Amino acid sequence: MSPMPPPRPARSAAVVAALFSLDPAGLGGIWVRAPFGPARDGFVEHVRALLPAGAAMRRVPAGIDDGRLLGGIDLAASLAAGRRVMAAGLLAEAAGGVLVLPMAERLDRALCARLAQAQEGRFGAIALDEGIGPEEHLAPALADRMAFALDAADLLARRPPARVRGLGAARRRLARMRMDDGVAEALCHVAAQLGIFSLRPVILAMRAARAAAALAGRRSAGEEDAMLAAQLVLAHRATRLPAAEEDTDAEPESAPPPACGDEAAEAAPSETEGEQAADRVLDAARSALPPELLAALLLGQGRRGTAGGRAAAPAAATAAHGRPLGARPGRPGREHGLALVETLRAAAPMQALRRRERPDHPGRVIVLGGDFRVRRHQAPVRSVAIFAVDASGSSALNRLAEAKGAVQLLLADCYVRRDQVALLAFRNRGAELLLPPTAALARARRSLAALPGGGATPLASGIDAARDMALGARRRGNRPLLVLLTDGGANIGRDRQPGRAAAAADARAAASACAADGIPALVIDTAPRPNAFAAELAGAMRARYLPLPFADARALSRAIRTEQAA
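Read in my numbering, the sequence shown has 365 at position 327, and its numbers run on one by one without any break.
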C-alpha cells in the first residue's frame, strides 16, 4: 500500500514536499512563486518536519556577505583561544540539508552564481519568489537546478498532512532503487516533445521518478513514477506544445516485409509497448501544463519568466547599498556604516598591550580611532539604451522596415546584457514615448512592431526628447546611451513649423546640447546612401556615426557594446 495516494492536482504541494525530503540535494530544490503569507510559511515548515533528523535548514538573509556565506575567521573564538579559528559559512552548514532563499527574485547575480556553483549535489534549496510581473523572477541559473515549481494555487489546493508515514524506509529504498529501461527513454521523449533540450531537467525527472517509486514502496521506478515525474518536473518547463499525433489508422501503401524468426516476433511487440508507454507519459505531462503556460504556448509566445532576464532591482543605489566589497579604514558616518567585525579584528592583536597601558579597563576590548573599518559597497549601475527612431515619411520610404529589424536585434542584445531599453519615435510635429526604460524585451518588440511610418521629420524634437530621457536616467544613477536612427531629413523645427533650414539649425543645436551634457551617443544613418547631414549631426553630438547600408546588425551591436563600455 502506498504511503501517499497519487496527487490531485498533479502539482500537489504535499507530494512535492514528500519527494523533496527524500533527496534534497539530488532534486535540487523547490521554486515557490507565492506572496508572503501563512500558506507559504506553513509549506516551508512542513518540509522542515519531513527532513531526516539532523538535516539542517538555513535561511540566507538579504545582503549576506561572502564571509557569512562562504565562511571565514570566527572573531570571538579567535580572541578566546588566542589563535585563528575558522567559522563555517551558511553553505557548509546547509550541507545535506536545505537553504531557504527569501525574496529570491531579488537575489544579486553574484550571489546566484555562488549558490548555483555550490549547490550541485551538496544541498537543496527552497526559493521563495515574491515577484509580481514577468520581469521579477528567480534567476534562470537557480531555477534550472530546481526540480519542482509551485505557485500560490498549489499551496492552497490541498493542506499538507500532519506527517507522512514510511519516509525512513523510503530513504533506504531510494539508496538501492533501480529504474526500468523504458523510464529514462520515456522522459527523454517527453522532454524533446515539450521543447526542453537541457539534460539537467531530464536528470532531475529521473531522480524524481526514483523518489516516487521509493515513496510508493516499489523496488524499481516504472511508468507510473515516470508519469508523476513528468508532471512535476517537466510540464512547467515546456517551451512548446507537443506535436499532434499523426493518423495511424490508414494502411501504408507499401508495408515492409514481415520479419522472420522468433526474435523478430518478440521484438516488435516490446518496441510498440515502449512507444505506447512514452506516449502515456507525454499525455500525463500535457495534462499538467499550467493554464497560464498553456495559454502562452497556444499563442506561440513560448515560455516566460525563466528564459532569461534579471530580477527586479532599485533604480539607483546609495553608497550604503549594493554588493559588499569588503571593508577599509575610515570613520563611520551617514554614508559609510561601521564594519564591526573587521573593526574588532583590527583591534584584536593590540589588546594585550593596550590592557597593560590601561589597567583600569580589565576584560574590555579597547578600540581606538585607527581600528575603525567602514563597509564598502559597489552600487549597481544599469545601462539604459535609449532608441530614438525616425518614423517620418522619408525614413519610411527609405529604410524604416530594415531599421526596425536592426533595432529588434539590438534590443535582444541589450536584453542579454541585462540592460534596460527605452523607445521613442518622432514624426509629424513632435516626439512620442513608446516605451519607458524597461527590461521587458517582448514589450519593447511589440512597441517597435506597432510603430507607424509617415509624416514630417521633427528631428530636433526627437533629439531633445531623447536627451531629456538620458539626463533623467543619469539622475537615477544609471548610465544612458542614446541611439539615434534617422535619415537626416529634418524639415520641422522646434517651433513645430515647417522649414528645412530652421529645422536643420535646431537639430544641430539639439545635437550640440547632447554633446555638452556628455551623453554618449550613436547615430545610425538609415538613408539609402550615407547622408552628409546625418554625419554632421554625429559630429555635433560627438557620437559614432554608422551608415546602415554598410553596417549589419552585428556591427551595430558591437558598436553599442563599445559605447557602453567606454
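Quick reminder that beta carbons are idealized off the backbone N, C-alpha and C, glycines included. Since the model is a prediction, treat every value here as computed from it, not as a measurement.
Quiz item: Taking the continuous alpha helix (DSSP H) assigned at residue 168, which residues delimit it?
Solution: Unbroken run through residue 168: none, as it is neither H nor E.
Quiz prompt | chain D within 8 Å of residue 411, Cβ atoms only | solution = Within the model displayed, chain D is absent; a lone protein chain is all it includes.
Practice problem: Check whether the Cβ atoms of residue 121 and residue 111 sit closer than 8 Å, and answer yes or no. | Solution: No, Cβ-Cβ distance for residue 121 and residue 111 is not below 8 Å.
Quiz item: Can you find at least 3 beta carbon pairs, one from the region 242 to 249 and one from the region 219 to 229, that sit closer than 8 Å?
Solution: Yes: the two stretches touch, three or more of their Cβ pairs being nearer than 8 Å.
Self-check item: residue 383 versus residue 390: straight-line alpha-carbon distance, rounded
Solution: Approximately 14 Å between the Cα atoms of the pair.
Quiz item: By how many angstroms is the C-alpha of residue 535 removed from the C-alpha of residue 275?
Solution: The alpha-carbon of residue 275 is positioned some 55 Å away from that of residue 535.
Quiz prompt | Span separating the alpha-carbon of residue 66 from that of residue 386 | solution = When rounded, the distance between both Cα atoms is 41 Å.
Quiz item: Alpha carbon to alpha carbon, what distance is there between residue 232 and residue 145?
Solution: Their Cα atoms are separated by approximately 29 Å.
Exercise. Return helix, strand or coil for residue 499, following the three-state DSSP convention.
Key: Of the three classes helix, strand and coil, the one that applies to residue 499 here is helix, per DSSP.
Quiz item: Nearest-angstrom Cα distance between residue 87 and residue 75?
Solution: The straight-line gap from Cα to Cα measures roughly 19 Å.
Self-check item: Integer Cβ distance of residue 427 from residue 511, believed to fall under 8 Å
Solution: About 18 Å; that fails the 8 Å criterion.
Exercise. Using alpha carbons as the reference points, say which of 576, 135 and 558 lies closest to residue 157.
Key: From the listed residues 576, 135 and 558, the smallest Cα separation to residue 157 is found for 135.
Quiz item: If we count Cβ pairs, one from each stretch, closer than 8 Å, do we get three or more for the region 88 to 103 versus the region 175 to 189?
Solution: The region 88 to 103 vs the region 175 to 189: no contact.
Quiz item: Given residue 345, which residues of its chain have a CB within under 6 Å of its CB, disregarding the five upstream and five downstream residues?
Solution: Low confidence applies here, because residue 345 scores a pLDDT of 36, under 50, leaving its location unreliable and the question unanswered by this model.
Practice problem: Could you check which residue in 132, 515 and 175 has the C-alpha nearest to that of residue 143? | Solution: Minimum Cα-Cα distance from residue 143 among the listed residues 132, 515 and 175 corresponds to 175.
Self-check item: Host alpha helix (DSSP H) of residue 261 (start-end)
Solution: According to the DSSP assignment, residue 261 belongs to the alpha helix (DSSP H) that extends over 261 to 267.
Practice problem: Report yes or no: do three or more beta-carbon pairs, one from the region 497 to 517 and one from the region 459 to 472, lie closer than 8 Å? | Solution: At 8 Å Cβ cutoff, the stretches touch.
Quiz item: Apart from the five residues just before and just after residue 59, which ones in its own chain have a Cβ nearer than 7 Å to its Cβ?
Solution: 85, 88, 89 and 205.
Quiz item: Alpha carbon to alpha carbon, how far is residue 202 from residue 106?
Solution: Taking the CA atoms as reference points, residue 202 sits about 34 Å from residue 106.
Quiz item: Does DSSP classify residue 121 as helix, strand or coil?
Solution: DSSP places residue 121 in coil when its eight states are reduced to three.
Exercise. Report buried or exposed for residue 530, applying the criterion of at least 16 other Cβ atoms within 10 angstroms of its Cβ.
Key: Label assigned to residue 530: buried.
Self-check item: With 16 other Cβ atoms within 10 Å as the buried cut-off, status of residue 236
Solution: Classification for residue 236: exposed.
Self-check item: Host alpha helix (DSSP H) of residue 80 (start-end)
Solution: Start and end: 76 to 88.
Practice problem: Check each candidate in 405, 583 and 151 and name the one with the smallest Cα separation from residue 523. | Solution: The closest CA to that of residue 523, considering only 405, 583 and 151, is found on 583.
Quiz item: Hey, would you say residue 129 sits closer than 8 Å to residue 108, going by beta carbons?
Solution: Yes.
Quiz item: What residue range is occupied by the uninterrupted beta strand (DSSP E) comprising residue 239?
Solution: That residue, residue 239, is in no beta strand (DSSP E); its alpha helix (DSSP H) goes 237 to 254.
Exercise. List in chain order: all unbroken beta strand (DSSP E) runs of 3+ residues lying wholly within the region 209 to 240.
Key: If we require 3 residues or more, the region 209 to 240 turns out to have no beta strand (DSSP E) run fully inside it.
Practice problem: Could you work out which residue in 215, 322 and 268 is closest to residue 251 when comparing CA atoms only? | Solution: With distances taken between Cα atoms, residue 251 lies closest to 215.
Practice problem: Determine which residues share a DSSP beta bridge with residue 470 and list them. | Solution: Answer is 463, bridged to residue 470.
Quiz prompt | Among 497, 573 and 365, the one whose alpha carbon lies nearest that of residue 411 | solution = Ranking the options by Cα distance to residue 411, first place goes to 365.
Self-check item: Runs of alpha helix (DSSP H) lying entirely within the region 530 to 576, each at least 4 residues, in chain order
Solution: Runs found: 538 to 554.
Exercise. For residue 159, I'd like the list of residues in its chain whose CB is within less than 6 Å of its CB, leaving aside the five on either flank, ordered along the chain.
Key: So the qualifying residues of the chain are 63.
Quiz item: When you compare only the Cα positions, how much space is there between residue 343 and residue 408?
Solution: Low confidence applies to residue 343: its pLDDT is 39, below 50, so where it sits in the model is not reliable enough to give any reading.
Self-check item: Identity of the residues DSSP links to residue 519 by a beta bridge
Solution: Residue 519 pairs with 423.
Quiz prompt | residue 383: first and last residue of the uninterrupted alpha helix (DSSP H) it sits in | solution = Per DSSP, the continuous alpha helix (DSSP H) segment holding residue 383 begins and ends at 378 to 385.
Practice problem: Along the beta strand (DSSP E) that carries residue 107, what are the first and last residues, could you check? | Solution: It is not in any beta strand (DSSP E) - residue 107 instead sits in the alpha helix (DSSP H) that spans 104 to 108.
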